[in-house]
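S.K.: Mind looking over this structure? Questions follow.
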Amino acid sequence: MRMPAPKAIIACPQCSWEPTGAEQDWQCSCGHAWHTFDTAGRCPRCRHQWLTTQCLRCGCTSPHSDWYRATAVQWYQQVSPN
């Protein structure tokens, strides 16, 4: 029996704040506002790929990829030989 895919954990690497998914507060230099984790940091309007993301709670900027945390299931799948 195969386990369902775990939900990705997205959290600020600095303060551990987890966006709910309802935020539309990240804004691109083109002026478009959207939820950056819906598109892995790519602006849906101008297609600019943001490599960093600012936390809406603490204000720190971190590499976008650092926001994605591996779950225990994902870690097990990476190290499991099968």
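In numbering that gives the first Met the number 0, the protein residues as written are 0 to 81.
Glycine residues also receive a C-beta, built at the ideal position from the N, C-alpha and C atoms.
#1: Going by CA-CA distance only, name the one from H47, F36, T52 that's closest to A7.
#2: Hey, how far is the Cα of P12 from the Cα of P18?
#3: If we count the other Cβ atoms within 10 Å of its Cβ and call it buried at 16 or more, is Y75 buried or exposed?
#4: Would you kindly work out how many angstroms separate the C-alpha atoms of C14 and H34, rounded to a whole number?
#5: Going by the DSSP bridge assignment, what does A32 pair with across the sheet?
#6: By the three-class DSSP mapping on this structure, what secondary structure does S15 have?
#7: If you drop the 5 nearest sequence neighbours on each side, which residues of the same chain put their C-beta closer than 8 angstroms to that of H63?
M.R.: Let me spell this out:
#1: A7 has its Cα closest to that of F36, out of H47, F36, T52.
#2: Distance between P12 and P18, taken at the CA atoms: about 12 angstroms.
#3: Its pLDDT being 45, under 50, Y75 is placed unreliably by the model, and nothing is read from it.
#4: Spanning the two alpha carbons is a distance of roughly 19 angstroms.
#5: Here A32 is bridged, per DSSP, to Q26.
#6: Coil, per DSSP.
#7: The answer, listed in chain order, is T35, A39, G40, W49, L50, T51, T52.
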